[in-house]
Amino acid sequence: MFTARDSAEIDADVESVFAFLDDPRNHAAVTPRLEDVRDVERLSNGGKRLAYTYRMAGLGIDGEIVQTVHEPNERMTFELRGRLTGTIDLTFEPADGGTRLTYAAEYDLPENALTALGEPVVRRFNERQVRATLDAVAERFATGAD
2 MFTARDSAEI DADVESVFAF LDDPRNHAAV TPRLEDVRDV ERLSNGGKRL
52 AYTYRMAGLG IDGEIVQTVH EPNERMTFEL RGRLTGTIDL TFEPADGGTR
102 LTYAAEYDLP ENALTALGEP VVRRFNERQV RATLDAVAER FATGAD
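One rule links them: number in this note's numbering = place in the sequence shown (from 1) + 1.
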């Protein structure tokens, strides 16, 4: 199991940041290597179920994401199913007129990806992906592109 966790200050109120990330298509716009989000279905808990394609180590990894926790303006938790398994937890906190967004992820990777890259490379890759995603969300709001 690989873990990565990081936070960023976003120059927008919690409601705006939550609303932006509540649309799964926006995840594809800010998550490096997330190539496709499709078949989005709203769940009774307010969350979503969707299919996705993620590219890692030259491989297209297809799977399903189910949002198991949907607490408006506070938290989103996603369960990854398929070849890539794990959880992603996003928390939203007011901070100095903006939002502190925390992204915590735990992943189990397909064996061939791990074998091809090696554990230290995969760990650094995941940490960089989390940071890049947070930076992309911050940039979206810094430029007023929300």
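Beta carbons are placed, not taken as given, at the ideal position from N, Cα and C, and that holds for glycine.
Taking the alpha-carbon of residue i as reference, which of the options has the nearest alpha-carbon?
i	options	result
V41	P33, R34 and A52	A52
V56	E36, I11 and S17	Checking the displayed sequence, the identity of residue 56 turns out to be Arg instead of Val. For the residues E36, I11 and S17, the minimum Cα distance to R56 belongs to E36.
D63	L81, T4 and E16	L81
F93	A106, L85 and P73	P73
T54	E128, I66 and F142	I66
D23	A30, M77, L60 and D14	M77
Within 10 Å of its beta-carbon, does residue i have 16 or more other beta-carbons around it, so buried, or fewer, so exposed?
i	result
P95	exposed
R6	exposed
G99	buried
N46	exposed
List the whole-angstrom C-beta distance separating residue i from residue j, where the pair is believed to meet the contact cut-off of C-beta under 8 Å.
i	j	result
Y32	E107	The identity of residue 32 in the sequence shown is Thr, whereas the question assumes Tyr. Not a contact, Cβ separation roughly 16 Å.
A102	A9	According to the sequence as given, residue 102 is Leu; it is not Ala. Indeed they touch by this definition, with Cβ atoms about 5 Å apart.
R26	V38	5 Å
I11	A139	5 Å
So within the stretch 20 to 51, which uninterrupted alpha helix (DSSP H) runs reach at least 4 residues, ignoring any that extend past its ends? Runs found: 25 to 31.
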